[in-house]
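Please read the structure below before turning to the comments.
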Amino acid sequence: MFFDMKYILMVMIPGLILSGGASLLVRAAFSRYSQVRSRRGFTGAQAAQRLLDMAGIQDVRVVPAHGYLTDHYNPQTKELALSEEVYSSNSLAAVGVACHEAGHAIQHAEHYAPLGLRSAIVPMAGIGSNVGYMVMAFGLFIHPFVVGIGALIFSAVLLFQLVTLPVEFDATARAKALVVQAGIVDPDERYGIDRTLNAAALTYVAAVITTLLTILYYLMRAGLIGGSRDE
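Per our numbering, residue 6 is the first one in the sequence shown, and the count goes up by one each step.
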């Protein structure tokens, strides 16, 4: 049976706990510190633009985006998109998120190697998430070797997520340091930014663990690791 008890206990429940817990922490931290206004009054858009100006970046546009916490930097269009909750708000949470995204734009301008590697892996990860998973699942009914091939393809997703970790951690570290250096917030206000960004970082760690558990589950079911094959 595909969705057996091992899958539920080893992948589904831990995955739901990790991803759901991380998401709740992000929303809780953002909700809490979106109520705390920064003393200097910078909005998210102004904070992001301040960091871009300090870095000498002239070709990146800070634009509003629809949706809740849909903030992102697009290296192809060179647009730094900030959600409605971030773009026009002067809260500590908004400033922190905006500066984090500005950190990605600075990474791009500085040719930060992990960011370039992540962009290169995107097509492979897209194939891996679709084809790899199906090959692993159907491989259980065909042959362990097929499961192994599927796991190898699906590992592109894990590689993408692993490379994402230093990219996100570095952008967070840049935001934490630059937000004070740029005079956007006072040093004693950084606690709200730290907690918001630290909570967001956990979502990427949760994704890595969940993907790894998925791969290990199929390899165990196929008998490729941990003993005999489950029939």
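For glycine and all other residues, C-beta sits at the position ideal for the given N, C-alpha and C.
Shown here, Arg179 sits in a helix according to DSSP, grouped into three states. Residue range 195–226 is occupied by the alpha helix (DSSP H) that includes Asn203.
Annotation for Glu84: the continuous beta strand (DSSP E) segment containing it runs 84–88.
In chain order, Arg66, Val68 place their CB closer than 6 Å to the CB of Glu84, counting only its own chain and leaving out the 5 sequence neighbours on each side. Of the candidates Gly121, Ala107, Asp58, the residue whose Cα lies closest to the Cα of Asp76 is Ala107. The residue from Gly131, Phe35, Val127 with its alpha-carbon nearest to that of Ser96 is Phe35. For the pair Gly137 and Phe165, the CB atoms are not nearer than the 9 Å cut-off. Its chain contains Ala27, Leu30 as the residues whose beta carbon lies nearer than 7 Å to that of Leu207, once the 5 sequence neighbours on both sides are disregarded; these appear in chain order.
Counting other Cβ atoms within 10 Å of its Cβ, Phe47 reaches 16 or more and is therefore classed as buried. Of all C-beta pairs linking the region 209–229 to the region 179–197, fewer than three are shorter than 8 Å, placing the two stretches out of contact. In chain order, Val140, Met141, Gly144, Leu145, Tyr223, Leu224, Arg226, Ala227, Leu229 place their CB closer than 8 Å to the CB of Val152, counting only its own chain and leaving out the 5 sequence neighbours on each side. Inclusion of Gly197 and Gly101 in the CB contact set at 9 Å is warranted, their separation being smaller than that value. By the 16-neighbour rule on beta-carbons within 10 angstroms, Ile13 is exposed. In this structure, Leu23 is the residue among Met17, Leu23, Val16 with its C-alpha nearest to the C-alpha of Tyr209.
For Pro192, there is no enclosing beta strand (DSSP E), as DSSP marks it with neither H nor E. Here Ala60 carries a coil assignment [DSSP, helix/strand/coil]. Here Ala60 is actually not in contact with Ile18; their C-beta atoms are around 44 Å apart, not less than 8 Å. Under DSSP, the beta-bridge partners assigned to Val67 are Leu85. Annotation: the continuous beta strand (DSSP E) that includes His77 extends over 77–79. Between Thr219 and Gly20, the gap from beta carbon to beta carbon is short of 9 Å.
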